Amino acid sequence: MGASPVRGLMNDALRMQISAFIDGELPENESELLLRRLGQDAALRQQVSRYFEIGRLMRQDREVPGMDQLRGRIAAALGDELEGRDDEQKVVGSALMTPTTGVAVAATVAALALIGLSQLDAPGDPLLQRAVAIDDGPVAYTEPDISRALAEQPSEMLLQYHVSHGDSSPGLGPIGIRTRVISLESQELIEVEPDPQLVPPEADVTNEEESPVDTP
Amino acid sequence: MIRTIQSHRYLAILTAASALLACSTTARAQSSPDELLDRMNYVVDVVDYEGTVFRSENGESEALRIVHKIIDGVVNERLVSQEGNGLEIIRIGNEVHCILPDKQTVLIEEWANQSTLFSALPSSEIRYGAEYDVSIVREDRVAGRQAILLAIRPHDRFRYGHRIWLDEETSFPLKTEMMTNDGELIEQIKFADISFGDGVSNHSLAPSMSLENFSWYTQPARYESVDVETDWECADLPSGFRATSAKTERLPGADAPVTHIMYSDGMATVSVFIAARNETKFAEKSSVGASNSYSIQQGDFQITVVGEVPAATVQRIAASMQQN
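Chains W and L are the protein sequences, given in the same order.
The numbering of the first sequence is numbering that gives the first Met the number 0, which starts it at 0 and goes up by one.
The numbering of the second sequence is numbering that gives the first Met the number 0, which starts it at 0 and goes up by one.
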């Protein structure tokens, strides 16, 4: 996601404050101070107006509780400025949405890990589109081209780096799990004896009350 | 070997958790954000729970069933994908069984003591460097329970923001979101329903199918890792990040060991891998889930940076690595 056009015109603290305000997360007293400041500074009002529109577009109109009230307050504070930008908003919107989708979609091995092993035999599966490799090329949406995507896939080494990073990080989560699973499949594995403790409950008739995963 | 929660720590945690559970809602509502984060980190380790979770990422959503139960001080978890291939993951301490029903295969792995559900959860330590603001936003409702929304906002564009909905009664994270500075959602984990405590049965930790005809595999030691002192450093590290470890690792498929340096700001972690340059060509930038990576060639070395941080951060770190 590119930087907001207003970046550089406002300091980070003010940006945070405005961002919190738009998200409905700025405390009441700070909101009032911000609105007062907006009332006195036309240039800032214009910047905030654009920031508000950009933020909404980037969130794809995701609503948060209290948003309507806040929007009303912003509209009141900004007067006609927000209303008058409807036409421009459409232009800004399309221009902004382009970088969001401006990626070449690639079927990377690592991303296959994200969708589970069942999709491994189906390279044409639309789920492959989840795999994303950011391209420096033209900022236009690129339909998935599997042959091109496969040619661009990150190396096994990069996947190993992701796995190693996951190993060293404090948390793993489902993404890490799937990456690990795919990583396992790509390696030489050693066949081992089944673990007799791992049985479904219905088969564990001899000791129903015991934990099926008792530990040594 | 099964790793248990160290007994003295386990007892301390249990005591703390019991005390926490006994706290009144009013007292919890008056807690500071730091106290809430500390409670969350205790509770997520020690409380038994069972529920349905939706994980969303890149506009896609997946339903998971999770069971988490402590048995004799050992974390037992079972995570089942409710969609696709029905992957089941059964964790007993640090021993993990990945059951792949469609492949009739069970893969056994040793993990560090990592949750199958949550990525890194923030603790009050994230305040170091003051790179984030932590604030209580409002009360809300998640999974049919009253929750307190905590917002963790980064001060710059080199890290992601987080929102966490903590159960008002237990301080358990019922919903977590990671997002860019512009509010773009990167990852969301949300419980649709959850139950806590004694109701979580041992049977719900067992596999849902017979594994009688399954093939069982494990892997050879994944890699060798040795702590080292390195002469590599980042000359333009974003504020708040510090080096937390340096190792040499021999990774599967690698001809030679790589140097692996970890940086952390207490919340986000970034790995720098320094390898001898070869003919292998990575995509310069790539993104896997919430992880971004950036690879650059510098002299005889290939430097690759991976982390759950914005693309600008991995790029900046990669471009400013230097050998003294």
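Yeah, the Cβ is synthetic: ideal placement off N, Cα and C, and Gly gets one too.
Note that the coordinates shown come from a computational prediction; the quantities given were computed from them, not determined experimentally.
Test item: CB-CB of residue i and residue j under 9 Å
| i | j | result |
| --- | --- | --- |
| L:N277 | L:Q301 | yes |
| L:H161 | L:I151 | yes |
| L:I188 | L:P172 | yes |
| L:S207 | W:P199 | yes |
| L:A245 | L:M320 | no |
| L:F272 | W:Y160 | yes |
| L:H67 | L:V257 | no |
| L:L63 | L:L78 | yes |
| L:V269 | L:T229 | no |
| L:A255 | W:M156 | no |
Any chain W beta carbon closer than 9 Å to residue i
| i | result |
| --- | --- |
| L:I107 | yes |
| L:L210 | yes |
| L:P32 | no |
| L:L35 | no |
| L:S214 | yes |
| L:D132 | yes |
| L:P256 | no |
| L:W231 | no |
| L:L250 | yes |
| L:T303 | yes |
| L:A253 | yes |
| L:G196 | no |
| L:P237 | no |
| L:I147 | no |
| L:S319 | no |
| L:F300 | no |
| L:T217 | yes |
Cβ of residue i within 9 Å of any chain L Cβ
| i | result |
| --- | --- |
| W:T97 | Here W:T97 scores only 21 on pLDDT, less than 50, and its place in the model should not be relied on; the value that follows carries that caveat. It does not; no Cβ of chain L falls within 9 Å. |
| W:I17 | no |
| W:L32 | no |
| W:L37 | no |
| W:E27 | no |
| W:D40 | no |
| W:L13 | no |
| W:R61 | No answer about W:R61 holds up, because its pLDDT of 40 lies below 50 and its placement is not dependable. |
| W:L43 | no |
| W:Y160 | yes |
Of the listed residues the options, nearest to residue i (C-alpha basis)
| i | options | result |
| --- | --- | --- |
| L:E61 | L:E82, L:V46, L:R77 | L:E82 |
| L:L204 | L:M266, L:E49, L:V42, L:D230 | L:E49 |
| L:H154 | L:I135, L:V141, L:N180 | L:N180 |
| L:A274 | L:S290, L:D299, L:M261 | L:D299 |
| L:N201 | L:R315, L:I89, L:R158 | L:I89 |
| L:M177 | L:T247, L:R54, L:D254, L:E108 | L:R54 |
| L:S30 | L:R137, L:T217, L:G85 | L:R137 |
| L:I193 | L:N84, L:R315, L:T169 | L:T169 |
| L:L210 | L:V42, L:I163, L:H96, L:K174 | L:H96 |
| L:V141 | L:V313, L:L236, L:A191 | L:A191 |
| L:E59 | L:V313, L:Q297, L:A289 | L:A289 |
| L:D166 | L:A318, L:Q314, L:V43 | L:V43 |
| W:A165 | L:L35, L:L86, L:D230, L:V304 | Contrary to the premise, residue 165 of chain W reads as Gly rather than Ala in this sequence. Nearest option by C-alpha distance: L:V304. |
| L:A310 | L:V225, L:T268, L:F157 | L:F157 |
| L:M261 | L:A242, L:N291, L:R315 | L:A242 |
| W:L43 | W:L13, W:E24, W:E29 | W:L13 |
Expected contact under 8 Å - CB spacing of residue i and residue j to nearest Å
| i | j | result |
| --- | --- | --- |
| L:V73 | L:I91 | 6 Å |
| L:D264 | L:V133 | About 13 Å; that fails the 8 Å criterion. |
| L:S238 | L:E307 | L:S238 to L:E307, Cβ: 18 Å. No contact. |
| W:I189 | L:T217 | 5 Å |
| L:W215 | W:V162 | L:W215 to W:V162, Cβ: 21 Å. No contact. |
| L:N93 | L:E109 | 6 Å |
| L:N212 | L:Q296 | Contact doesn't hold; Cβ gap of about 49 Å is too wide. |
| L:A378 | L:Y293 | Given a span of 0 to 323 for chain L in the structure shown, any question on residue 378 of chain L remains unanswerable. |
| L:I135 | L:L120 | The pair is not a contact, with the Cβ atoms about 17 Å apart (cut-off 8 Å). |
Cβ of residue i within 9 Å of any chain C Cβ
| i | result |
| --- | --- |
| L:W164 | As a matter of chain content, chain C is missing from the structure shown, whose protein chains are W and L. |
According to a CB-to-CB cut-off of less than 8 Å, which residues of the region 53 to 65 of chain L neighbour chain W? When C-beta distances to chain W are compared with 8 Å, the residues of the region 53 to 65 of chain L below that value are R54, E56, N57, E59, E61, L63, in chain order.
What are the residues in the region 39 to 52 of chain L lying within 8 Å of chain W by C-beta distance? Cβ proximity to chain W below 8 Å picks out nothing from the region 39 to 52 of chain L.
Chain-ordered residues of the region 186 to 200 of chain W with a beta carbon less than 9 Å from chain L: Within the region 186 to 200 of chain W, the qualifying residues are Q186, E187, L188, I189, E190, V191, E192, P193, D194, Q196, L197, V198, P199, P200.
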